[in-house]
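Quick note on this note's numbering: the sequence shown kicks off at 163 and runs consecutively.
Every residue, glycine too, gets a C-beta built ideally from N, C-alpha and C.
Data block below; observations after.
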Amino acid sequence: MSKKEIPQDELPEDATNIIGEKKSKEELLTLDQDDESLNRWKKSLIKENTEDEYGENDKRQVIIKELRVIVKDREDIIFEMEPEEKLKNLKKNPFVLKEGCEYRFKIIFIVRKDIVTGLKWMNFVYKKGIRVDKSNEMIGSYAPQKEPYEYLTPMETAPSGMMARGQYKAKSRFLDDDLNSHLEYEYAFRIKKKWPEEEK
Numbered sequence: 163m164s165k166k167e168i169p170q171d172e173l174p175e176d177a178t179n180i181i182g183e184k185k186s187k188e189e190l191l192t193l194d195q196d197d198e199s200l201n202r203w204k205k206s207l208i209k210e211n212t213e214d215e216y217g218e219n220d221k222r223q224v225i226i227k228e229l230r231v232i233v234k235d236r237e238d239i240i241f242e243m244e245p246e247e248k249l250k251n252l253k254k255n256p257f258v259l260k261e262g263c264e265y266r267f268k269i270i271f272i273v274r275k276d277i278v279t280g281l282k283w284m285n286f287v288y289k290k291g292i293r294v295d296k297s298n299e300m301i302g303s304y305a306p307q308k309e310p311y312e313y314l315t316p317m318e319t320a321p322s323g324m325m326a327r328g329q330y331k332a333k334s335r336f337l338d339d340d341l342n343s344h345l346e347y348e349y350a351f352r353i354k355k356k357w358p359e360e361e362k
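In structure tokens, the structure reads:
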């Protein structure tokens with residue numbers, strides 16, 4: 163988990179690089195005690211923090227275990243994100259999207275040690291060195307637990323046409339409300355007129 167300064171053009175629109183003091187789980191429980199609905203929500207987030215397979219020496223709070231590209235009527239494209247050495251494969255081995263196809267992402271992750279608030283998945287997409295897209299997917303707030311969480315992004319449609327086809331590079335970051343960067347990586351993909359098996 164890193165709190166290094168993030169470039170201004172890579173911040174969420176409602177964020178600043180000025181970080182407030184992080185509150186503990188106990189402090190969160192004492193805030194706005196007169197608001198019953200808020201108290202129920204906070205208590206639902208604050209669960210017993212049990213030991214996990216990663217051990218005390220692993221300081222990570224959010225661990226992204228797997229990323230899936232889900233394309234309608236096709237098998238999922240699965241990327242293992244653990245251990246982090248595997249992230250290099252995302253850039254070396256671009257996945258393919260057929261123009262106009264419907265797709266979404268599934269993120270499988272673990273939260274440990276403390277509550278994470280306002281977890282976001284930010285993507286910056288480039289074609290021929292020019293940024294062509296910026297997205298900020300709000301995943302939410304989660305309490306630590308042994309079992310992985312799963313998050314599905316909304317369905318999207320891949321762009322179509324000759325100008326849209328080609329190779330893209332992307333930079334991703336998982337960021338929370340305190341601007342902790344839990345994971346940064348790069349990946350690549352291609353948009354083609356046909357699926358690979360249709361080109362044979």
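Asked	Found
At a cut of 8 Å, does the region 296-308 reach the region 229-240 through at least three beta carbon pairs?	no
Any idea what DSSP makes of L173, helix, strand or coil?	coil
What does the alpha-carbon distance come out to for the pair S297 and S334?	10 Å
Taking DSSP as the reference, what is the three-state secondary structure of S297?	strand
Which one or two residues does DSSP pair with I270 in a beta bridge?	E228 and E312
Is E237 helix, strand or coil by DSSP?	coil
For L314, count neighbouring Cβ atoms within 10 angstroms of its own Cβ and tell me buried if that reaches 16, exposed if not.	exposed
Which residues mark the beginning and the end of the alpha helix (DSSP H) in which N251 is found?	K250 to K254
What are the boundary residues of the beta strand (DSSP E) that includes S334?	G328 to L337
Excluding sequence positions up to five away, which residues of its chain have a Cβ less than 7 Å from the Cβ of P310?	K227, I270, F271 and I272
Check this for me: beta carbons of D338 and L281, under 8 Å apart or not?	yes
To the nearest whole angstrom, what separates the beta carbons of P256 and Q329, a pair I think is in contact under 8 Å?	6 Å
Could you pull out every residue in the same chain whose Cβ sits closer than 8 Å to the Cβ of L261, ignoring the five residues on either side in sequence?	Here residue 261 turns out to be Glu, not Leu, going by the sequence shown. Cβ neighbours of E261 beyond the five flanking positions: A320, P321, S322, G323, A326, R327, I353, K354 and K355.
Kindly list the residues whose CB is nearer than 8 Å to the CB of G291, restricted to its own chain and excluding five residues on each side of it in sequence; keep chain order.	none
Checking the sheet assignment: what are the DSSP bridge partners for T319?	E264
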